[in-house]
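Numbering (this note's numbering), first residue to last: 308 to 749.
Data first, discussion second: the structure below is written as structure tokens.
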Ligand SMILES: Cc1cc2nc3c(=O)[nH]c(=O)nc-3n(C[C@H](O)[C@H](O)[C@H](O)COP(=O)(O)OP(=O)(O)OC[C@H]3O[C@@H](n4cnc5c(N)ncnc54)[C@H](O)[C@@H]3O)c2cc1C
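Shown next, in the form of structure tokens:
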């Protein structure tokens, strides 16, 4: 039987970070990854222009210190998200930048959310859905504006989460301004080489310790550790770290069954629904006409678009389509979906938009290994589902962005959770050096 000290389930940022920390202290690890690649919700492909294209997590926030340090260790620099020109706010095909009342009332509603997030927690806030809260705001256009901004921030339909869950998310990210912001906010920078490129570099360093196409299917907690079942034979270890997203981790059969508090992490959460596409052009041509590339469309099939072009590189336009808009795109053929998305962008930036050098898309809610994105969210009435998500169950430690109190849902949260779980295990079992017999003194 295969034996190791720590078996790690999942080679996303949480798992890869945990493995790296443990290896640096001389602890034996083995990583089981169910997919045929590492990175999980971070996934970088190459465009026809040769530039890296992030189809999953991409932005690094202003104070995402751990993931920034990790990128630096692998010689990968960050570049600032371009934000020249003004964003386009569009409704019914018309720009509404000059609709001061809508802008003002939307700004006031967002300010109210920011203030609410700083007040002490109220149980009632977990019974009101964000959709219910938005429905009480006067002005149909203001409500649609809020729907676009908040669905985008959460990557779900607003009746799937409570105001309490939104508040928790806001606090975890340091407030609404930080969550939605570029400079000084969560969208400040991108990684040269892509977030998936950084995951690949981490995995390369670990070498054969990372085993692809090898899912953990069962976990048996024993007197001296844990036995993990896989299709190619079991692995025995002293400790395990599970980093799979909660709903996906629910497919692993546990013996003895998991305690109720742990099951709530799985049954009380919903995974976000998100479609992402990136169109690559020889240059960011929209800037020539003074556009930032950023769009908020209150009534079109593509609610938001961003310019994520590499510095001095080709032009990258990215769309992130959450919830019901994503499901509407799912119902189209690949060709119709591409025409719909590019057609929507062409309405803003002109016919040139229809002919990218390359086109990349991914519906994360159809990915069987992660089940959606950006992350798992507590369902209304189950706000505490994730409150203790990082608490160990005997020899099993839990990591993954959902277990991070700060920056939950982000790459930074994933890295911090991996470091935390590795630290817990080191505190429990020590390093091989700690276990060596110490010479007697005197
Ligand atoms: C479209 C999209 C955009 C995003 N944008 C951003 C952004 O701009 N900035 C940001 O900070 N974050 C962003 N995120 C979120 C970020 O990508 C995630 O928070 C982060 O990647 C999660 O890492 P993780 O290691 O916790 O989980 P994951 O990356 O989900 O890793 C879990 C791993 O476990 C594996 N696995 C599952 N089940 C098993 C099993 N039974 N056995 C073995 N392996 C298993 C999976 O295949 C996966 O590789 C985005 C996410 C998406 C989807």
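Positions of the beta carbon are idealized from the N, C-alpha and C atoms, including for glycine.
Please read all numbers here as calculations on a predicted model, not as lab measurements.
At what residues does the beta strand (DSSP E) containing residue i begin and finish?
i: residue 452; result: Careful: residue 452 lies outside any beta strand (DSSP E), inside the alpha helix (DSSP H) at 447-461.
i: residue 638; result: Careful: residue 638 lies outside any beta strand (DSSP E) and carries neither H nor E.
i: residue 600; result: 598-604
i: residue 668; result: 665-670
i: residue 353; result: 351-353
i: residue 629; result: 622-629
i: residue 339; result: 336-339
i: residue 614; result: 611-614
i: residue 468; result: Premise fails: residue 468 is in no beta strand (DSSP E) and is neither H nor E.
i: residue 316; result: 313-316
i: residue 581; result: 581-588
Between residue i and the rest of its own chain, which residues show a CB-CB distance below 7 Å, the 5 nearest in sequence each way excluded?
i: residue 517; result: 318, 338, 340, 345, 510
i: residue 700; result: 565, 566, 569
i: residue 592; result: 622, 659
i: residue 679; result: 578, 579, 580, 581, 671, 672
i: residue 465; result: 436, 437, 438, 441, 454, 457, 458
Looking at the secondary structure, which residues open and close the alpha helix (DSSP H) in which residue i lies?
i: residue 651; result: 641-656
i: residue 571; result: 567-574
i: residue 326; result: 320-331
i: residue 739; result: 739-742
Residues in its own chain within less than 8 Å of residue i by CB, not counting five upstream and five downstream?
i: residue 650; result: 661
i: residue 482; result: 421, 424, 425
i: residue 486; result: 460, 476, 477, 480, 492, 493
i: residue 448; result: 398, 403, 406, 409, 605
i: residue 652; result: 586, 602, 609, 612, 624, 626, 660
i: residue 539; result: 521
Can you name, in chain order, every residue of its own chain whose Cβ lies under 6 Å from the Cβ of residue i, other than the five neighbours on each side?
i: residue 556; result: 549
i: residue 644; result: 636
i: residue 284; result: For residue 284 there is no data in the structure shown, the boundaries of the chain being 308 and 749.
i: residue 716; result: 681, 682, 708
i: residue 739; result: 333
Taking 8 Å as the cut-off, is the CB of residue i close to at least one heavy atom of ligand 2?
i: residue 561; result: Absence of ligand 2 is noted for the structure shown, with ligand 1 being the only ligands found.
Contained beta strand (DSSP E) runs [length at least 3] in the stretch 356-438, N- to C-terminal order = As summarised for the stretch 356-438, the continuous beta strand (DSSP E) elements at least 3 residues long and confined to that stretch are 359-361, 385-387, 393-398, given in chain order.
Touch check for the stretch 437-444 and the stretch 477-489: three-plus C-beta pairs under 8 Å?
-> These segments do not touch.
Could you give the uninterrupted runs of the beta strand (DSSP E) lying entirely in the stretch 478-565, keeping only those of 3 residues or more?
-> The qualifying runs are 496-498, 525-529, 532-536, 542-544, 546-549, 560-562.
Would you call the stretch 465-473 and the stretch 682-695 in contact, with 3 or more CB pairs under 8 Å?
-> They touch, by the three-pair rule.
Entirely within the stretch 681-727 and at least 3 residues each: give me those beta strand (DSSP E) ranges in chain order.
-> Counting only runs of 3 or more, we get 683-685, 703-705.
Are there three or more Cβ pairs, one per stretch, closer than 8 Å when the stretch 706-722 is compared with the stretch 321-329?
-> Enough Cβ pairs lie closer than 8 Å, so yes.
Is the stretch 366-384 in contact with the stretch 728-747, if contact means three or more CB pairs nearer than 8 Å?
-> No, they do not touch.
Between the stretch 583-600 and the stretch 609-624, do at least 3 Cβ pairs fall closer than 8 Å?
-> Contact holds: three or more Cβ-Cβ distances are below 8 Å.
With a cut-off of 8 Å, do at least 3 Cβ pairs link the stretch 386-405 to the stretch 527-544?
-> Because the criterion of three Cβ pairs below 8 Å is not met, the stretch 386-405 and the stretch 527-544 do not touch.
Is there contact between the stretch 710-723 and the stretch 397-409, where contact requires at least three CB pairs shorter than 8 Å?
-> Counting Cβ pairs under 8 Å, fewer than three are found: no touch.
Could you tell me whether the stretch 666-674 touches the stretch 354-366, using the rule of 3 or more Cβ pairs below 8 Å?
-> With the cut-off at 8 Å, the stretch 666-674 and the stretch 354-366 touch.
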